[in-house]
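Enquirer: Next up is a structure, given as structure tokens.
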Amino acid sequence: MQTEDYSLPVLKAPSYDVVIVGGGVSGSIAAIAAARLGSNVLLIEEHGFLGGTLTSMGVGPMMSFHNPAGRQVVRGIADELIQRLVRKGASPGHIPDTTSYCSTVTPFDSEALKIELETMLDEADGSVLYHTQLAAVQTDGKRIREVIVCNKAGLTAIPAHTYIDATGDADLAARSGVPFFYGREADSAIQPMTMNLKLANVDTAAIRQYATNHPDDFLWHGGVDVGLERLKSSPRLSLAGFLHAWKAAQERGEIDVPRDQVLFFETAEPGTVIVNTSRITGLAPTDPFQLSQAERIGRQQCMQIFSFLRQHAVGFEKAIRMDTAAKVGVRESRHIRGLHVLTAEEVLGQHDFDDVIARGGYPIDIHSSDDVETRTQHLKPDDIYQIPLRCLLSEQMENLVVVGRCISATHEASAAFRVTPIAMAIGHAGGILAALAHDEKVPARDVAHESVQQILLRQGAQLSTG
Ligand SMILES: Cc1cc2nc3c(=O)[nH]c(=O)nc-3n(C[C@H](O)[C@H](O)[C@H](O)COP(=O)(O)OP(=O)(O)OC[C@H]3O[C@@H](n4cnc5c(N)ncnc54)[C@H](O)[C@@H]3O)c2cc1C
Numbered sequence: 013m014q015t016e017d018y019s020l021p022v023l024k025a026p027s028y029d030v031v032i033v034g035g036g037v038s039g040s041i042a043a044i045a046a047a048r049l050g051s052n053v054l055l056i057e058e059h060g061f062l063g064g065t066l067t068s069m070g071v072g073p074m075m076s077f078h079n080p081a082g083r084q085v086v087r088g089i090a091d092e093l094i095q096r097l098v099r100k101g102a103s104p105g106h107i108p109d110t111t112s113y114c115s116t117v118t119p120f121d122s123e124a125l126k127i128e129l130e131t132m133l134d135e136a137d138g139s140v141l142y143h144t145q146l147a148a149v150q151t152d153g154k155r156i157r158e159v160i161v162c163n164k165a166g167l168t169a170i171p172a173h174t175y176i177d178a179t180g181d182a183d184l185a186a187r188s189g190v191p192f193f194y195g196r197e198a199d200s201a202i203q204p205m206t207m208n209l210k211l212a213n214v215d216t217a218a219i220r221q222y223a224t225n226h227p228d229d230f231l232w233h234g235g236v237d238v239g240l241e242r243l244k245s246s247p248r249l250s251l252a253g254f255l256h257a258w259k260a261a262q263e264r265g266e267i268d269v270p271r272d273q274v275l276f277f278e279t280a281e282p283g284t285v286i287v288n289t290s291r292i293t294g295l296a297p298t299d300p301f302q303l304s305q306a307e308r309i310g311r312q313q314c315m316q317i318f319s320f321l322r323q324h325a326v327g328f329e330k331a332i333r334m335d336t337a338a339k340v341g342v343r344e345s346r347h348i349r350g351l352h353v354l355t356a357e358e359v360l361g362q363h364d365f366d367d368v369i370a371r372g373g374y375p376i377d378i379h380s381s382d383d384v385e386t387r388t389q390h391l392k393p394d395d396i397y398q399i400p401l402r403c404l405l406s407e408q409m410e411n412l413v414v415v416g417r418c419i420s421a422t423h424e425a426s427a428a429f430r431v432t433p434i435a436m437a438i439g440h441a442g443g444i445l446a447a448l449a450h451d452e453k454v455p456a457r458d459v460a461h462e463s464v465q466q467i468l469l470r471q472g473a474q475l476s477t478g
């Protein structure tokens with residue numbers, strides 16, 4: 013599409029210390045962190061609730077706060093959120109992953125999550141502006157002067173000292189001139205999108221029994237024995253399988269989802285599951301027309317999946333369809349090219365960074381854009397990788413901090429840290445960085461990483477293996 017210059021009426025909002033665009037988990041935790049340090053914070057979100065992928069795209073459970081050996085690597089505000097949900101009966105906490113893909117998963121009640129994030133932001137005196145989308149960015153040299161947002165009031169310019177891009181798609185960074193790239197280096201292919209489907213009235217006891225008797229019908233990443241052992245003890249179910257019936261249905265032409273398994277996760281509510289099985293390839297989530305097409309394909313695939321499960325999957329005979337997600341799930345889109353581009357070698361080699369601000373223990377998990385498979389590069393049991401502060405910053409915009417899945421990293425490296433616990437840990441650091449930049453009246457890029465690390469540690473985050 014071509015660009016043209018228009019002169020349009022724009023309202024002017026008061027100035028904030030920190031403006032965050034995107035109220036997913038990384039943006040929400042960043043807003044809470046900055047507000048707790050006394051910044052005057054505005055969190056802008058296009059939906060009418062917080063939580064992003066976890067609430068608008070129906071994703072769950074969070075995985076994983078732990079490394080393969082079961083050592084907890086994500087703490088801080090992210091873990092505080094879970095403990096608050098546990099106290100309210102809205103999460104069973106960190107429990108064994110019965111697929112044995114990770115050591116733990118963390119199911120949660122998505123409605124409670126929306127409210128808890130708002131409560132934590134309120135307690136810190138942060139503000140939120142819903143149903144508002146980023147429309148444009150005004151820059152002065154290497155600084156963002158204001159963002160222009162669009163909502164029921166029309167267009168409004170919002171000035172701030174420091175901005176955080178938590179859109180997942182790096183919308184703010186891209187519009188302010190920060191370079192970015194898509195997906196794989198060779199061909200820019202990104203991970204496929206998935207429309208999540210939520211079902212209730214699933215007989216999980218029958219599924220446990222069936223999986224125990226037919227382990228060959230499921231995938232067990234950590235081995236069958238580990239999987240079956242966890243199946244006995246974990247209070248919630250997660251499984252990848254029904255392999256034989258699924259393949260047969262594909263061969264009969266009843267299913268045209270390009271995927272080799274049915275993947276599903278029980279939520280905090282027993283008997284309610286998230287089916288993460290649809291797969292939409294070859295469409296760009298940042299192209300509005302292609303995104304619209306993805307929504308339609310995703311919903312159609314979910315109809316096929318629901319029908320398959322009711323007819324052919326033990327335990328799903330009386331399942332009730334609750335909904336498909338409000339928005340198709342986007343695993344990957346833009347990655348900024350920041351001061352450092354994190355690589356798979358650094359993730360797998362557990363590279364030590366002096367400016368580490370977050371850690372992860374989740375594998376490199378790539379849903380294929382070429383075929384039906386999901387390729388995983390598992391970590392060694394004791395592995396923990398680090399994410400440096402430089403991946404949140406760019407050469408081009410000195411008062412912009414980027415958090416969440418779109419920070420500066422390759423396709424392969426981001427396939428590891430893109431999951432929610434690690435996205436929250438990155439958001440925690442980004443919020444502290446933005447607040448410090450405002451306090452010190454310097455560009456975010458000039459804040460000493462040691463200052464960010466000190467506050468992270470004071471607030472319960474873990475940055476070393478100790
Ligand atoms: C299908 C699927 C399954 C997944 N499964 C799991 C899983 O089981 N466990 C797990 O831990 N992780 C999983 N993930 C990954 C994880 O959910 C995300 O990578 C993570 O939540 C990213 O967090 P984020 O805050 O960076 O981005 P998001 O959660 O995408 O948040 C971005 C927010 O910004 C808002 N926004 C975007 N653009 C604009 C704009 N221009 N203006 C205003 N607001 C805007 C969005 O509405 C959203 O709220 C999955 C992802 C997908 C798509």
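Count along the sequence shown starting at 1, add 12, and that's the number in the numbering used here.
All C-beta atoms, glycine included, are put in the ideal place defined by N, C-alpha and C.
Every value quoted in this text rests on a predicted model; they were computed, and no experiment measured them.
(1) For P171, does the three-state DSSP call read helix, strand or coil?
(2) Helix, strand or coil: which one does DSSP assign to D364?
(3) Got a sec? Which residues, its chain only, sit under 7 Å from T293 by beta carbon, not counting five neighbours each side?
(4) For ligand 1, I want to know if L20 counts as a neighbour, meaning its beta carbon is within less than 6 Å of at least one of the ligand's heavy atoms.
(5) What I want to know is whether the C-beta of R430 ends up closer than 6 Å to one or more non-hydrogen atoms of ligand 1.
(6) Could you name the residues that DSSP lists as bridge partners for G253?
(7) Inspect the beta-carbon positions of Y113 and H226 and report whether they are closer than 7 Å.
(8) Which word fits A224, buried or exposed, when buried means at least 16 other C-beta atoms lie within 10 angstroms of its C-beta?
(9) Where are the beta strand (DSSP E) runs, 3 residues long or more, that stay fully inside the stretch 157-205, in chain order?
(10) Using a Cβ-based criterion (distance less than 6 Å to any ligand heavy atom), does Q145 qualify as near ligand 1?
(11) So, using beta-carbon positions, are G416 and A437 closer together than 7 Å?
(12) From the DSSP secondary-structure annotation, give me the bridge partner or partners of K24.
(13) Which partner residues of G372 appear in the DSSP bridge assignment?
(14) Just mark M409 as buried or exposed, buried being the case when its beta carbon has 16 or more other beta carbons within 10 Å.
(15) On the DSSP bridge list, what partners appear for I332?
(16) Any chance the stretch 385-405 sits against the stretch 358-369, with 3 or more Cβ pairs inside 8 Å?
(17) Which partner residues does I348 have in the DSSP bridge list?
(18) Kindly indicate the opening and closing residues of the alpha helix (DSSP H) around I444.
(19) Taking the continuous alpha helix (DSSP H) assigned at Q14, which residues delimit it?
(20) Looking at E57 and Y10, is the spacing between their C-beta atoms short of 7 Å?
(21) Excluding the 5 residues flanking A81 on each side, which residues of the same chain have their C-beta closer than 6 Å to its C-beta?
(22) Please give me, in chain order, every unbroken run of the alpha helix (DSSP H) with length at least 4 that falls completely inside the stretch 30-95.
(23) Can you grab the Cα-Cα spacing for the pair D364 / A46, in whole Å?
(24) What do you reckon, is the C-beta of E123 under 6 Å from a heavy atom of ligand 1?
(25) Among all the DSSP beta bridges, which residues are the ones paired with A148?
Expert: With the given structure in hand:
(1) strand
(2) coil
(3) P204, P270, S381
(4) no
(5) yes
(6) F230, V274
(7) no
(8) Looking at the sequence provided, one finds Thr at residue 224 rather than Ala. That one is exposed.
(9) 166-177, 192-194
(10) yes
(11) no
(12) A169
(13) Y397
(14) buried
(15) A212
(16) yes
(17) F192
(18) 432-452
(19) Careful: Q14 lies outside any alpha helix (DSSP H) and carries neither H nor E.
(20) Here the chain has residues from 13 to 478 only, and residue 10 is not among them.
(21) P393, D394
(22) 37-48, 65-68
(23) 26 Å
(24) no
(25) I160
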